[in-house]
Amino acid sequence: MSQQAMELTLLEFFTIIAEEIGRAEIEPMRRAQLANEVSRGASLIMSVIQEILMGSSSPSKQKALVCFKSWVQYGVAFDIIQPILGLALNSLVDNETFDSAAEVWSEIMSSNAAAKYQNTICEGLMPCFASEWARAKHLESLQAENEDIGKSLCQLLSAFGDNFSDWIAARFLRPDIVVYLEMMMGFAGFPGYYAEDEQISDLTLNFWYVLQESLSELQPDDSGDDIGRGQESMEGDRHVTLSSVSSASSITGLNQQTHQAIKEASVQVYIKLTEVLRKKLEYPVQKEWLTWARDIRQEFTGHRQEIADTLINSYHVLHDQILTLLIDTCVMQLDEIQNASLSGANMAENMQLEIGLVRLEATLYCLKALSEVVPHNENIQMPRFFGEQIFGRLPTTLVCRASETALSLIGSYADWFKLHPQFLLPALNFVIPALEIPQLAPSAAKALKNICDTCRESLVEAIDAFMTVFANVERSIDPAIKGSVVFSIATVIQTLPVERSIGPLVGLLGDIFTRSNECLETRKQRMASGNSEMVATHLQTANGETELEPISATMLQQLDFLLSCCKGLQSPLEDEIRTAHERIHLYQRTVDDRTRALSVGGMAVELARSMEQVIQGVVMVWPHEQQIIERVCHIIKTMMTASQFSPLYLPFTTLIHVIESGFQQHAFSCWLDAAAKVVSVYYFETTGGSLLSKLGSSPVPNSPNSGAVPVSFPALPSSSQIVDVDNHLSSANIVARGRTATELENEAVFTHLLSVVVSRTMEGMQSMADMEEHPDVVHSFFAVLSQFVRHAPLAFYSIPPEQTERLLNFSVAGLALQERLALKATLLFLIEFVNQNYDYPELKQRVDGLMARIGPQLMRGILLGIGGHVPRSMVPQLNDSLYPLVGKYSQECRTWMQTLLAEPGFPSKYADQASKEKFIKGIMQTRSPKRFKDEVHQFSNKCRQLDGSVFGSAI
90 MSQQAMELTL LEFFTIIAEE IGRAEIEPMR RAQLANEVSR GASLIMSVIQ EILMGSSSPS
150 KQKALVCFKS WVQYGVAFDI IQPILGLALN SLVDNETFDS AAEVWSEIMS SNAAAKYQNT
210 ICEGLMPCFA SEWARAKHLE SLQAENEDIG KSLCQLLSAF GDNFSDWIAA RFLRPDIVVY
270 LEMMMGFAGF PGYYAEDEQI SDLTLNFWYV LQESLSELQP DDSGDDIGRG QESMEGDRHV
330 TLSSVSSASS ITGLNQQTHQ AIKEASVQVY IKLTEVLRKK LEYPVQKEWL TWARDIRQEF
390 TGHRQEIADT LINSYHVLHD QILTLLIDTC VMQLDEIQNA SLSGANMAEN MQLEIGLVRL
450 EATLYCLKAL SEVVPHNENI QMPRFFGEQI FGRLPTTLVC RASETALSLI GSYADWFKLH
510 PQFLLPALNF VIPALEIPQL APSAAKALKN ICDTCRESLV EAIDAFMTVF ANVERSIDPA
570 IKGSVVFSIA TVIQTLPVER SIGPLVGLLG DIFTRSNECL ETRKQRMASG NSEMVATHLQ
630 TANGETELEP ISATMLQQLD FLLSCCKGLQ SPLEDEIRTA HERIHLYQRT VDDRTRALSV
690 GGMAVELARS MEQVIQGVVM VWPHEQQIIE RVCHIIKTMM TASQFSPLYL PFTTLIHVIE
750 SGFQQHAFSC WLDAAAKVVS VYYFETTGGS LLSKLGSSPV PNSPNSGAVP VSFPALPSSS
810 QIVDVDNHLS SANIVARGRT ATELENEAVF THLLSVVVSR TMEGMQSMAD MEEHPDVVHS
870 FFAVLSQFVR HAPLAFYSIP PEQTERLLNF SVAGLALQER LALKATLLFL IEFVNQNYDY
930 PELKQRVDGL MARIGPQLMR GILLGIGGHV PRSMVPQLND SLYPLVGKYS QECRTWMQTL
990 LAEPGFPSKY ADQASKEKFI KGIMQTRSPK RFKDEVHQFS NKCRQLDGSV FGSAI
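Next comes the structure, spelled out in structure tokens:
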């Protein structure tokens, strides 16, 4: 075997040792012993590597550097590798070993020890970076536009900058640092388009970020202390090719003058960087762009966002200077575009014009990127940009990326416009016409949404002009973005007083209502014809799929627009938490606003009537079309607000009537979702407030052992009364205030709603198979019941008793469901039901009477679920159902469980009598939720044959 072969074999063995030890799974004590043994042997390995690097052939040197890298990755002590560092530096100026040496130094710089030896490492590497050899390699790579030549050098320079930016910042004025920065700048602007021509320029981007951070943290220090003081050093003299690494240099601390000089120099560097990055943002001309593969285009677009992030760092160095630079560039580019346009040729034939627009787009993209950091009160450069000198000259007739980016830029400066409202209308005059142009419409719609949402108060005074501009383009807007446009305008209308909002709403919705009514009339005529083909709502496409026929699709589209409008009209304060008094006061104000607005007739009445006709008309002629009905339900839920009025919003009694009518025709789960929300939004405000205000305070003991003294309870009011347990208080001597006729009528409306919901649901759920087939309906049904029990128990107990018992039996049957969503809703309802705790005799007796009748079956269902008849993931919810049940009805639960668990094989054949008795004893003797849960968990594992297993403990 030759000398070289022996060296390569030995080095391969040493490399494998480091790699295998590093990733081997060894118990800590053994790893510590092994580390000591390795430490003793590492010196020998380093001496072998050192010997090879000093005199062997290039292949052996390359392999030695690879081996050295693996030991650096392993984490061998720095003092052990110190003798080789000088040789590793020498290898950086040898073409044959450079790549391997660069990888070694990248590892060294990212190692934990690098910070301790920062000054020594940096002073050793910097002469290599500034050497003629490195500069020649850098220049060759750029001139040849060949990233393969310079990629390893770029990676090494970038790793150096990423790890030692503080060191660079403190020595920013040194000639070798200047050379280093020039090389990094060259790689940042590497010739060609990223992803298509090169993938090297992005390696430098993180450096400019960390350098800016380091520069911002520099502080002048006139003490004269050495910057390098406290740094560890290694032996030897500093020169380009070293046998060992140099000692720390003695650069004094920064005085005020040096600090100022660094600030000025950094400004020049980042000005140059801004221009370099701006050029890298430029798209190719369209003809070339179309030849790129899709993934290349996506990668290039993603790289532009990375550059945008880097430009933000440039702003933190340059501040107003970067705005001045970019805006001056815009002026020059617009002049070039104007000159190029004089030829009269269109953009496809005018290369000079297209290139000018490409350059302008890159500059606009830079300004858009800076919107995140430009102060909202900036009042020098941005007014200049949005004035006639620049903004007034932006191309409006050309469909190009520059126009698209200009629209995005406008939207990104919405917060700036809020403090500079004088520029809003010119901006909107640029945005709104673009809605007619398909290629620009998405960007225009997004910009409009940002501006309207942020500047809604500022646009109030200009609403008439705003609506005029919208009316001119409405019919040309692509339906795909019209919903977004309607939403944006509605957010502005929402800020208007009720009386002033009516006209703009009519202008916004007039065409939508007209088209909706046309669809309704056409649908009615088809239904009257009796032709089944004409009545069908779906068509089969050529590929065998089905889609809505044109009239139904158009109707769905108009409903989407109405939904967008309703969403836009929602107040930003809608979700605020309010007291009971505030809730009732706000609702009464909306009632007064409605009465006042509709009493004068005119457009307000027409608006309300149009909305009601559309909603009720759709329910009447499309009752079985799920897509359309789901959209109607979404509109209804969006209208539900007790704190604000809009002529477009229908009163809650009308909404309830629509819900009842639609649900009776077809039991879609979305109707139940709407019913649940109408209870939570309107019940408290419309029926007299809390339970305490309705019934007064007449508490009775909850259980014979409570020690409380029974107090007489007023007779339960007739028909339909509702309790809001969220606001239930046990205050003494509070007399029921007596409710108005309207409040009692409203309560009757809610009770009727629950009766309809229960009867219609029960009609469609005749068996477990029905429940399994419609888990969405089961889930939403129990969600409605939970809302009534939580917010309106008086209404819950005012429906016919047979309905109450039937729905409770239904809920017990639901415990056997396998579909998780439906089962979880069932359990949540039962938890809500069991947790009812009223201090009023008739309510308490009603609850206790129902529990006495369904209790045994409820317990059976819960125990069967715990015992393995439902998915194991539902055991926590079963526990949450059992815990309050045992706490509230302890004696009854003991009897029920003893009876049920005495049955052989119940709830599982794997549960023996001892485990059953332990389970009963465990849960009956503790009131600790954690201990109770543990007992349920253990019993469930026993029933499922999981006790003692790792899987059984993971829940």
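Per our numbering, residue 90 is the first one in the sequence shown, and the count goes up by one each step.
By construction, the Cβ of each residue, glycine as well, lies at the ideal position given by its N, Cα and C atoms.
With which residues is residue i paired in a DSSP beta bridge?
{"i": "T635", "result": "Q629"}
{"i": "E287", "result": "Y283"}
Counting C-beta neighbours from all protein chains within 10 Å, is the total for residue i 16 or more, i.e. buried, or is it exposed?
{"i": "I105", "result": "exposed"}
{"i": "M143", "result": "exposed"}
{"i": "N402", "result": "buried"}
{"i": "P864", "result": "buried"}
{"i": "N539", "result": "buried"}
{"i": "L919", "result": "buried"}
{"i": "T380", "result": "exposed"}
{"i": "Q646", "result": "buried"}
{"i": "A107", "result": "buried"}
Would you say residue i lies against chain D (beta-carbon separation less than 8 Å)?
{"i": "A837", "result": "Among the chains in the structure shown there is no chain D, since it carries only a single protein chain."}
For residue i, which of the options has the nearest alpha-carbon?
{"i": "S758", "options": "Q702, V680 and M854", "result": "M854"}
{"i": "P736", "options": "A1003, F555 and L658", "result": "L658"}
{"i": "R473", "options": "S430, S247 and Q511", "result": "Q511"}
{"i": "M1087", "options": "L739, S699, E695 and Q754", "result": "Residue 1087 lies beyond the stretch modelled for the chain, which goes from 90 to 1044, so this question has no answer here."}
{"i": "V936", "options": "V923, I745 and L379", "result": "V923"}
{"i": "Q410", "options": "P373, A397 and K361", "result": "K361"}
{"i": "E550", "options": "A534, P593 and L537", "result": "P593"}
{"i": "L415", "options": "L400, L517, T452 and H227", "result": "T452"}
{"i": "S1017", "options": "Q1002, P973, F1028 and K1007", "result": "P973"}
{"i": "K1005", "options": "G956, L967 and S970", "result": "G956"}
{"i": "V161", "options": "I197, A94, A516 and G976", "result": "I197"}
{"i": "N1030", "options": "M1013, H958 and G976", "result": "H958"}
{"i": "L178", "options": "K205, S146, L214 and A202", "result": "L214"}
{"i": "V420", "options": "E701, I396 and L449", "result": "L449"}
{"i": "M728", "options": "A219, G572 and C654", "result": "C654"}
{"i": "Q171", "options": "H509, L228, I134 and D188", "result": "I134"}
Using the C-alpha atoms, what's the distance from residue j back to residue i?
{"i": "I210", "j": "L174", "result": "9 Å"}
{"i": "P996", "j": "R112", "result": "49 Å"}
{"i": "E981", "j": "A1000", "result": "22 Å"}
{"i": "S290", "j": "L910", "result": "50 Å"}
{"i": "H674", "j": "V703", "result": "31 Å"}
{"i": "K783", "j": "G827", "result": "7 Å"}
{"i": "A902", "j": "L953", "result": "11 Å"}
{"i": "T775", "j": "L883", "result": "14 Å"}
{"i": "L651", "j": "L597", "result": "10 Å"}
{"i": "A858", "j": "T557", "result": "57 Å"}
{"i": "Y404", "j": "T668", "result": "47 Å"}
{"i": "M58", "j": "Q387", "result": "Residue 58 is absent from the structure shown; the chain starts at 90 and stops at 1044."}
{"i": "I115", "j": "F157", "result": "23 Å"}
{"i": "D424", "j": "D286", "result": "30 Å"}
{"i": "S750", "j": "K1022", "result": "44 Å"}
{"i": "L366", "j": "A458", "result": "12 Å"}
{"i": "E126", "j": "L456", "result": "59 Å"}
{"i": "N561", "j": "I444", "result": "33 Å"}
{"i": "S573", "j": "P373", "result": "31 Å"}
{"i": "Y927", "j": "K1010", "result": "29 Å"}
{"i": "S547", "j": "K726", "result": "29 Å"}
{"i": "V520", "j": "C217", "result": "54 Å"}
{"i": "S712", "j": "I718", "result": "First, the residue type needs correcting, since residue 712 is Pro and not Ser in the sequence shown. Straight-line Cα distance between these residues: approximately 7 Å."}
Inside the region 666-704 only - alpha helix (DSSP H) runs reaching at least 4 residues: 669-688
Contained alpha helix (DSSP H) runs [length at least 4] in the region 500-543, N- to C-terminal order: 503-508, 513-523 and 530-543
Segments of 4+ residues assigned as alpha helix (DSSP H) that fall wholly inside the region 635-661: 639-657
Inside the region 464-495 only - alpha helix (DSSP H) runs reaching at least 4 residues: 470-474
4 or more residues per run - each alpha helix (DSSP H) lying fully within the region 159-200: 167-179 and 187-199
Entirely enclosed beta strand (DSSP E) segments - the region 388-430, minimum 3 residues: none
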